[in-house]
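K.L.:
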Amino acid sequence: MAPRLIVTIDGPAGTGKSAASHMLAERLGIDCLDTGAMYRCVSVLALRTGADPSDPRDLMPLIEAHAIDFDWTADPPVVRIDSVPAEQDIRTADVGRTVSIVAAVPEVRKAMVQAQRDIAAEHPRLVSEGRDQGSVVFPDADVRFFLTAEPAVRARRRVAQLEARGWAVDAAAIRSEIEGRDAIDSTRTVGPLVCPEGAIEIDTTSLDLGEVVDALEREVRNRVGKAVAPPC
Ligand code: DC
1 MAPRLIVTID GPAGTGKSAA SHMLAERLGI DCLDTGAMYR CVSVLALRTG ADPSDPRDLM
61 PLIEAHAIDF DWTADPPVVR IDSVPAEQDI RTADVGRTVS IVAAVPEVRK AMVQAQRDIA
121 AEHPRLVSEG RDQGSVVFPD ADVRFFLTAE PAVRARRRVA QLEARGWAVD AAAIRSEIEG
181 RDAIDSTRTV GPLVCPEGAI EIDTTSLDLG EVVDALEREV RNRVGKAVAP PC
């Protein structure tokens with residue numbers, strides 16, 4: 001079995017983390033994990049049941065009663081709630097508005113961190129993306145990245161992403177949602193969005209997706225060399 005290889009990619013919304021993680025994992029021949037999708041599933045469960053998204057007494061029974069996992073046969077892996085694909089449900093505006101409240105609840109974070117480490121035990125060659133992957137979940141990762149970009153650029157990317165899915169969006173509302181989410185994610189007491197010490201910081205403001213992935217791949221290959229599939 002190939003040796004464990006964990007690459008973490010953290011950063012705020014709109015830095016291109018998800019797409020870059022997927023492409024990087026593909027180039028390296030390893031799996032990828034979207035940890036934001038897991039917090040979004042908890043948010044879906046809260047909205048479905050009318051739970052208070054800030055109250056662990058409401059949220060923890062939901063996490064215990066429902067299975068949040070991934071279909072690893074899909075590429076990228078598709079998140080599921082009780083074995084039902086949840087990709088559509090987790091991308092709604094309601095979920096976008098509540099997920100950072102859910103993700104600020106320490107008990108929820110503890111459960112998700114454990115679930116992410118369990119996934120890595122099953123999938124030990126992984127690009128894992130989120131907000132706390134290099135700082136909290138995998139501080140001993142082989143390579144840790146932190147992506148940034150100017151807020152206006154991040155908002156524009158998010159709008160383009162949603163429009164590409166065929167959704168009509170209000171650009172000003174998206175920008176204020178991103179800024180609001182960043183503020184909550186960066187100031188929460190447990191697992192705040194921070195650039196982990198020793199992580200490689202990449203400003204993606206003036207890079208396209210291919211250039212971001214090139215930069216990530218270069219750094220990984222420099223650090224772990226032959227531990228990954230050879231370049232195409
Ligand atoms: O990456 P995303 O937009 O799907 O993330 C959704 C929310 O979940 C966002 O508010 C940040 C939060 N999150 C988190 O707190 N920790 C993670 N590891 C991943 C996401």
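Note that my numbering numbers the sequence shown so that position 153 is 153, with each residue one more than the last. Yeah, the Cβ is synthetic: ideal placement off N, Cα and C, and Gly gets one too. Because the structure is a prediction, the values reported are computed rather than measured.
With hydrogens ignored, establish whether the beta-carbon of Q133 is closer than 7 angstroms to any heavy atom of the ligand DC.
P.N.:
Because some heavy atom of the ligand DC lies under 7 angstroms away, the Cβ of Q133 counts as near it: yes.
K.L.:
If we ignore side chains and look at the alpha-carbon of each, how far apart do L24 and L59 end up?
P.N.:
Those two C-alpha atoms are separated by around 33 angstroms.
K.L.:
In whole angstroms, what separates the C-alpha of V113 from that of V190?
P.N.:
So the two alpha carbons sit approximately 11 angstroms from each other.
K.L.:
Shorter than 7 angstroms, the distance from the beta carbon of A13 to the closest heavy atom of the ligand DC, or not?
P.N.:
A13: yes, Cβ under 7 angstroms from the ligand DC.
K.L.:
What are the start and end residues of the beta strand (DSSP E) that includes I9?
P.N.:
Where I9 is concerned, the enclosing beta strand (DSSP E) stretches over L5 to D10.
K.L.:
Comparing C-alpha positions only, which one of E211, V102, L147 and A199 sits nearest to A141?
P.N.:
Nearest C-alpha to A141: A199.
K.L.:
Should A168 be listed as close to the ligand DC, given that the test is whether its C-beta is under 7 angstroms from any heavy atom?
P.N.:
Answer for A168: no, Cβ out of range of the ligand DC.
K.L.:
Taking the DSSP output, what are the residues bridged to V79?
P.N.:
Looking at the DSSP assignment, V79 forms a beta bridge with F70.
K.L.:
For R233, count the other beta carbons within 10 Å of its own beta carbon; 16 or more makes it buried, fewer makes it exposed. Which is it?
P.N.:
Missing from the structure shown is residue 233; the chain here goes from 1 to 232 and no further.
K.L.:
Under the criterion of a Cβ to heavy atom distance below 7 angstroms, does S186 qualify as lining the ligand DC?
P.N.:
Flag unset: Cβ of S186 not near the ligand DC.
K.L.:
Throw me the rounded Cβ distance for the R221 and V228 pair, which I believe falls under 8 angstroms.
P.N.:
Their Cβ separation, rounded to whole angstroms, is 7 angstroms, which keeps R221 and V228 in contact under 8 angstroms.
K.L.:
Counting only runs that start and end within the stretch 94-122, where is the alpha helix (DSSP H) found for 4 or more residues in a row?
P.N.:
Runs of the alpha helix (DSSP H) inside the stretch 94-122: 106-122.
K.L.:
Say the cut is 7 angstroms; is the CB of T98 nearer than that to a heavy atom of the ligand DC?
P.N.:
Incorrect: T98 has no Cβ contact closer than 7 angstroms to the ligand DC.
K.L.:
According to DSSP, L45 sits in a beta bridge with which residue or residues?
P.N.:
Paired residue(s): none; L45 is not in a bridge.
K.L.:
Could you check whether the Cβ of A149 sits closer than 7 angstroms to any heavy atom belonging to the ligand DC?
P.N.:
Answer for A149: no, Cβ out of range of the ligand DC.
K.L.:
Cα-Cα, which of D203, T35, F146 and C41 is closest to Q88?
P.N.:
Comparing Cα-Cα distances from Q88 to each of D203, T35, F146 and C41, the minimum goes to C41.
K.L.:
Report the rounded CA-to-CA distance for I9 versus D71, giving the unit in angstroms.
P.N.:
Between I9 and D71, the C-alpha separation is close to 21 angstroms.
K.L.:
Unbroken alpha helix (DSSP H) runs of length 4 or more, entirely within the stretch 139-198: which are they?
P.N.:
If we require 4 residues or more, the alpha helix (DSSP H) runs fully inside the stretch 139-198 come out as 151-164 and 171-187.
K.L.:
How would you label L209, buried or exposed, when you count the other beta carbons within 10 angstroms and need 16 or more for buried?
P.N.:
The residue is exposed, with fewer than 16 neighbouring Cβ atoms inside 10 Å.
K.L.:
Taking Cβ to Cβ, would you say T98 is nearer than 8 angstroms to S43?
P.N.:
For T98 and S43, yes; Cβs fall inside 8 angstroms.
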